[in-house]
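Peer 1: Take this structure, written in structure tokens, and hold onto it; I'll ask about it next.
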Amino acid sequence: MNGILNIYKEQGYTSHDVVAILRRILKTKRIGHTGTLDPNAEGVLPICIGQATKISELLMEKQKTYVAALCLGKSTDTQDIWGKVVSQSEVLVSPAEVQTAILSFQGQIMQIPPMYSAIKQDGKKLYELARQGKEVQRQPRPATIYAISDLEQIGKAEYRFSVTCSKGTYIRTLCHDIGQKLGCGAHMTALQRTRSGKFGLETALKLAEVEKLKADGKLAEHLLPITEVFDIPELTVKDSFSKWLYAGNPIPLEQIQAGDLSKIVQLTEISRMDRQLPTHDLYYIYDSHGRFIGIYRYINHMLKVLKFLYQASEE
């Protein structure tokens, strides 16, 4: 079984729990997730199975969209509702001021990672230190908020909004920072990931649904093949280059079938915005018999292997 399964992670499960349960259901160890969701968060969690585990880090780089709720007036040690209240203030700001503050975080921002996070410092995860009552200095990290929308007031001091952001963005830290900007403190009260790259809520399956589909022999219908994950061009290599192609060698442009050459974007340099892996210089490569070889990158007039996915048994 090879492909990507779009899972709806329910509250109470860690991302690791989801992987462990799927290993049992699918009876395979080659499973990996594409971006951690906190246990109390829910939503889209694409899972790579079989050969697809080789592209998990490419999927991690994709934009994410969340619906978050925050409460003004209280700050917690975890920056969310499940932590201990560490400060409390009267909320004297208007809804218009809240909207202005929230929207001001669009664009490139710097975030100080929360102590309750899996980031390692001096070999120890921050949350391990936090549980020991320790707080250490953390370096700010860049993040990009591409869009904030659908802002609505849902309570006296509670607001909900949608945010599309880069990999590595902490939404609870965003909520905390909004509270700091307003001068009254804030914490996140709910979080749902609604999209991760190409995967949205509309195709996400709960674990119970996966188990039933597997028992009914219908799960394969819900697997997205590797060749449909990215919206990138397909190139076919000439048969005369097959020997070198199967060995993973770089592909000179003259070895691409003539009809496909126009698909190659001539790039003088590779642009990386916000550490996000660009896809405009990536290509699906096929041999002359239509067999999928892998994902290649166009660099210096050559196509070089990024992810070699050809299985020799297919030859």
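Just remember that the working numbering sits 38 ahead of the position in the sequence shown, which is counted from 1. Every residue, glycine too, gets a C-beta built ideally from N, C-alpha and C. Quick caveat, the model's predicted, so the values are computed rather than measured.
#1: Within the continuous alpha helix (DSSP H) that includes I63, where are the two ends?
#2: Buried or exposed, going by whether 16 or more other CB atoms sit within 10 Å of the CB of N338?
#3: If you check the beta carbons only, do N221 and S125 fall under 8 Å apart?
#4: Distance check for Y208 and P180, CA to CA, integer angstroms please.
#5: Any idea what DSSP makes of T116, helix, strand or coil?
#6: From D76 to G193, what does the alpha carbon distance come to, in whole angstroms?
#7: Report yes if the C-beta of V56 is less than 7 Å from at least one heavy atom of the ligand MG; otherwise report no.
#8: Between the beta-carbon of T103 and the beta-carbon of T202, is there less than 8 Å?
#9: Give me, in chain order, the residues of the same chain whose beta-carbon lies closer than 8 Å to that of E142; leave out the 5 immediate sequence neighbours on both sides.
#10: Report all residues from its chain with a CB closer than 8 Å to the CB of P152; omit the five preceding and five following residues, and keep chain order.
#11: With distances taken Cα to Cα, identify the nearest neighbour of N40 among S234, G81 and E259.
#12: If you pair each beta-carbon of the segment 229-246 with each one of the segment 119-137, do three or more pairs fall below 8 Å?
#13: Of all the options F330, I87 and I264, which has the alpha carbon lying nearest to the alpha carbon of S280?
#14: For the alpha helix (DSSP H) that contains A90, what are its first and last residues?
#15: Ordered along the chain, which non-local residues of its own chain (more than five positions away) have a Cβ less than 6 Å from that of A79?
#16: Let's test the definition: count the other Cβ atoms within 10 Å of the Cβ of A139 and tell me whether it reaches 16, buried, or not, exposed.
#17: Just to confirm, is the Cβ distance from V57 to I69 under 8 Å?
#18: Look at T232 and V82 and say whether their C-beta atoms are less than 8 Å apart.
#19: Between the beta-carbon of A90 and the beta-carbon of I333, is there less than 8 Å?
#20: Is the beta carbon of L291 less than 8 Å from the beta carbon of Y321?
#21: Taking the alpha-carbon positions, what's the V248 to A106 distance?
#22: Under a three-way DSSP split, which group does I209 fall into?
#23: For R310 and L97, I'd like the C-alpha separation in whole angstroms.
#24: Just checking my contact of A195 with V123 at CB under 8 Å: how many whole Å lie between their CB atoms?
#25: T306: buried (16+ other C-beta within 10 angstroms of its C-beta) or exposed?
#26: If D377 sits next to V267, beta carbons under 8 Å apart, how far is it from one beta carbon to the other, in whole angstroms?
#27: Between the alpha carbons of Y154 and T114, how many angstroms are there, rounded?
Peer 2: Judging by the given coordinates:
#1: S53 to L64
#2: exposed
#3: With the sequence shown as reference, residue 221 is identified as Gly, and Asn is not the correct amino acid for it. It is not a contact, given that the beta carbons lie outside the stated cut-off.
#4: 11 Å
#5: coil
#6: 24 Å
#7: This structure lacks the ligand MG; in fact it carries no ligand of any kind.
#8: yes
#9: Looking at the sequence itself, residue 142 is Ser, so the reference to Glu does not match. Contacts found: K219.
#10: T116, Q117, L164, Y208, R210, T211 and H214
#11: E259
#12: no
#13: F330
#14: No alpha helix (DSSP H) holds A90; DSSP gives it neither H nor E.
#15: L229
#16: buried
#17: yes
#18: yes
#19: no
#20: no
#21: 26 Å
#22: helix
#23: Residue placement at R310 cannot be trusted, given a pLDDT of 40 that sits under 50; the coordinates are not used to answer.
#24: That pair is no contact at about 14 Å.
#25: Any reading at T306 must be qualified, since the residue scores a pLDDT of 33, below 50, and its modelled position is unreliable; no value is offered.
#26: This structure cannot speak to residue 377, because the chain is shown only from 39 to 353.
#27: 11 Å
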